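K.L.:
Please read through the structure below; I'll follow up with questions.
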Amino acid sequence: MLRLRFIWRKIPMIALPPLFNCKPSHIAGRAGLFMLVAAVVPFWHSAAAGIDTTVRIATINSICNLLQAHFLDPSMRGLDWNAECISAKAAVQTIGDNEQRFQEIATSLPAKLKTSHTAYYPPDDAMLAILYSVYGELDYLKATTDVRGGAPELRGSGIFAVRIGDRDFIDQILDDSPAQKAGLREGDEIVAAGSAVFSAYWPGLKSAPIRQETTVQFRRRPDGPVEGKTLPLISGDALSVLAEATTASARLIERHGAKIGYLRGWTMLTREAAGGPAQAMQAAIYGKFADADAVILDARGKIGGGGMDILDVYFGPRTSLSWKGRGDDRWIDQKSMRPNVPLVIIVDGHTRSAAEVMAHVAKHQRRALLVGSRTAGAASGGSLFPLPDGGGLYIAVAALRSYGEVLEGKGVEPDILVERSLPYADGADPQLERAIEEATRLARRN
1 MLRLRFIWRK IPMIALPPLF NCKPSHIAGR AGLFMLVAAV VPFWHSAAAG
51 IDTTVRIATI NSICNLLQAH FLDPSMRGLD WNAECISAKA AVQTIGDNEQ
101 RFQEIATSLP AKLKTSHTAY YPPDDAMLAI LYSVYGELDY LKATTDVRGG
151 APELRGSGIF AVRIGDRDFI DQILDDSPAQ KAGLREGDEI VAAGSAVFSA
201 YWPGLKSAPI RQETTVQFRR RPDGPVEGKT LPLISGDALS VLAEATTASA
251 RLIERHGAKI GYLRGWTMLT REAAGGPAQA MQAAIYGKFA DADAVILDAR
301 GKIGGGGMDI LDVYFGPRTS LSWKGRGDDR WIDQKSMRPN VPLVIIVDGH
351 TRSAAEVMAH VAKHQRRALL VGSRTAGAAS GGSLFPLPDG GGLYIAVAAL
401 RSYGEVLEGK GVEPDILVER SLPYADGADP QLERAIEEAT RLARRN
């Protein structure tokens with residue numbers, strides 16, 4: 001489905017909507033969805049002071065029923081789905097008030113389907129804030145957030161973490177975030193996170209004063225000293241937070257006489273109100289990248305949702321496009337990067353969904369050199385559904401192919417393989433370093 005959007009600098013563009021914004025209203029009747037919301041709302045109020053068994057059973061029932069109704073494979077990957085659901089509900093009856101155990105049970109159900117874009121997210125999960133930001137314009141989600149006093153915000157000090165073994169590490173740090181400014185680095189072990197790691201924050205449900213800062217404790221070596229930093233907290237619409245970090249990442253890197261433009265797409269989805277990488281790339285072409293000899297697009301972001309529009313901005317639209325406003329005395333052509341300026345794209349396991357499609361297209365058409373490691377292999381079309389406990393269920397509702405190739409479970413192999421080890425990396429980024437080397441080589445060849 002195509003839709004007309006008016007993007008940055010008043011440039012009209014025809015763009016595909018986010019590949020994974022498959023509206024549930026296209027899949028199920030609106031009446032059923034609003035019945036779902038009506039069921040969720042009372043439970044949310046009853047759960048405000050603590051989740052009880054009734055709410056938990058209702059949540060498991062919702063997960064089971066929604067997956068049965070909307071998951072892309074009606075056979076449920078050959079599982080006895082009814083038996084799986086009965087087992088999960090029985091397990092919930094035995095856990096008392098153990099919230100961690102409940103979340104493990106809820107997480108395990110969609111995980112059994114072994115498909116991307118199919119997961120349970122508890123109410124405080126950062127991904128829930130991101131997905132609400134992507135899908136929140138849908139009527140049934142608006143009805144839910146209205147009751148909760150608004151959509152969840154992304155709140156923290158700029159850190160996304162990952163658990164490896166029994167330890168937590170800084171996986172990603174947003175550009176221009178408090179954590180980056182304070183000198184924390186990707187690969188640092190998190191000893192005590194405070195509130196520095198991003199989470200979903202529901203401002204409409206909080207009565208206590210909002211904290212403005214937090215303390216994070218970390219170390220750089222397995223046997224190293226524990227350091228502490230007090231960091232400001234940032235909060236806002238998730239796509240806007242990621243888009244601002246994307247814009248902040250744009251810079252010129254000089255290497256052996258070559259000027260290399262660099263942009264990291266923390267979100268690959270661009271929206272007029274929130275911004276995003278296509279807007280940031282367009283602005284850089286007019287500004288920071290005007291004299292660049294090559295450009296690096298770092299696609300190791302936090303969410304996919306787009307990317308093809310970045311290629312259109314860089315190489316020029318697929319159709320010749322000019323515009324003329326009431327105050328213009330001539331037609332203005334949409335500006336793209338100068339011809340023959342090489343593009344290098346960094347990919348790894350963070351390159352997901354529509355970002356993988358973009359990388360696959362760029363590689364297939366030989367428009368860019370891919371450097372890094374294999375992409376996530378998470379290329380399905382998904383939708384978000386609210387749950388009685390205040391969490392959300394992400395469901396893969398459609399399978400996708402690019403040039404006839406299924407990327408789900410397979411991913412996209414880079415042209416140049418560079419692996420990266422995260423724990424105690426001290427901020428080292430061999431994938432970026434190799435991308436700079438290749439961009440410099442291509443620039444000098446031109």
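Quick note on UniProt numbering: the sequence shown kicks off at 1 and runs consecutively. Ideal Cβ placement from N, Cα and C applies to all residues, glycine included. Please read all numbers here as calculations on a predicted model, not as lab measurements.
Here's a check: name, in chain order, each residue in its chain whose Cβ is nearer than 7 angstroms to the Cβ of Gly427, leaving out the five neighbours to either side.
P.N.:
Arg185, Glu186, Gly187, listed in sequence order.
K.L.:
If you draw a straight line from the C-alpha of Tyr424 to the C-alpha of Asp168, how long is it?
P.N.:
When rounded, the distance between both Cα atoms is 11 angstroms.
K.L.:
Give me the Cα-Cα distance between Gln172 and Ala443, rounded to the nearest whole angstrom.
P.N.:
C-alpha separation (whole angstroms): 29 angstroms.
K.L.:
For Ala28, which residues in the same chain have their Cβ closer than 8 angstroms to its Cβ, ignoring the five residues on either side in sequence?
P.N.:
Note that Ala28 has pLDDT 43, beneath the 50 cutoff, so the model's placement of it is unreliable and the number below is only indicative. So the qualifying residues of the chain are Ala69, His70.
K.L.:
Can you name, in chain order, every residue of its own chain whose Cβ lies under 6 angstroms from the Cβ of Asn446, other than the five neighbours on each side?
P.N.:
Answer for Asn446: Asn340, listed in chain order.
K.L.:
I want to see whether chain D comes within less than 8 angstroms of Tyr121, judged by CB atoms only; does it?
P.N.:
Among the protein chains of the structure shown there is no chain D, as only one such chain exists.
K.L.:
Over the uninterrupted alpha helix (DSSP H) stretch that includes Tyr424, give me the two end residues.
P.N.:
Here Tyr424 belongs to no alpha helix (DSSP H), and DSSP marks it neither H nor E.
K.L.:
What are the boundary residues of the beta strand (DSSP E) that Arg155 is part of?
P.N.:
It spans 153 to 156 - the beta strand (DSSP E) in which Arg155 sits, taken as one unbroken run.
K.L.:
Count the other C-beta atoms from every protein chain shown that fall within 10 angstroms of the C-beta of Tyr132, then say buried if there are 16 or more, exposed otherwise.
P.N.:
Flag for Tyr132 reads buried.
K.L.:
Do Phe160 and Lys302 come within 8 angstroms of each other at the CB atom, strictly closer than that value?
P.N.:
Yes, the pair counts as a contact, with Cβ atoms nearer than the cut-off.
K.L.:
My understanding is that Met76 touches Leu113, with C-beta atoms under 8 angstroms, so please give their C-beta distance in whole angstroms.
P.N.:
The pair is a contact, with the Cβ atoms about 7 angstroms apart (cut-off 8 angstroms).
K.L.:
Relative to the alpha-carbon of Glu272, which residue among Leu263, Ala290, Glu244, Val295 has its alpha-carbon at the smallest distance?
P.N.:
The shortest C-alpha separation from Glu272 is found at Glu244.
K.L.:
Would you call the CB atoms of Leu174 and Pro152 closer than 8 angstroms?
P.N.:
Their beta carbons are not under 8 angstroms apart, which means Leu174 does not touch Pro152 by this criterion.
K.L.:
Would Gly158 be called buried (16 or more neighbouring beta carbons within 10 Å of its own) or exposed?
P.N.:
When all chains shown are included, Gly158 counts as buried.
K.L.:
For Asp329, which three-state DSSP category applies?
P.N.:
Note: Asp329 maps to coil in three-state DSSP.
K.L.:
Which first and last residues belong to the alpha helix (DSSP H) in which Val226 is found?
P.N.:
Here Val226 belongs to no alpha helix (DSSP H), and DSSP marks it neither H nor E.
K.L.:
Nearest to Pro232 by CA position, among Arg220, Pro225, Ala182, is which residue?
P.N.:
Considering only alpha carbons, the answer is Ala182.
K.L.:
Which of helix, strand or coil does DSSP assign to Arg217?
P.N.:
The sequence shown places Gln at residue 217, not Arg. In the structure shown, Gln217 sits in a strand (DSSP, three-state: E or B).
K.L.:
What residues in its chain sit with their C-beta under 7 angstroms from that of Ser380, if we drop five residues either side in the sequence?
P.N.:
Hits under 7 angstroms: Leu72, Thr115, Ser116, His117, Ala396, Ala398, Ala399, Leu400, Glu408.
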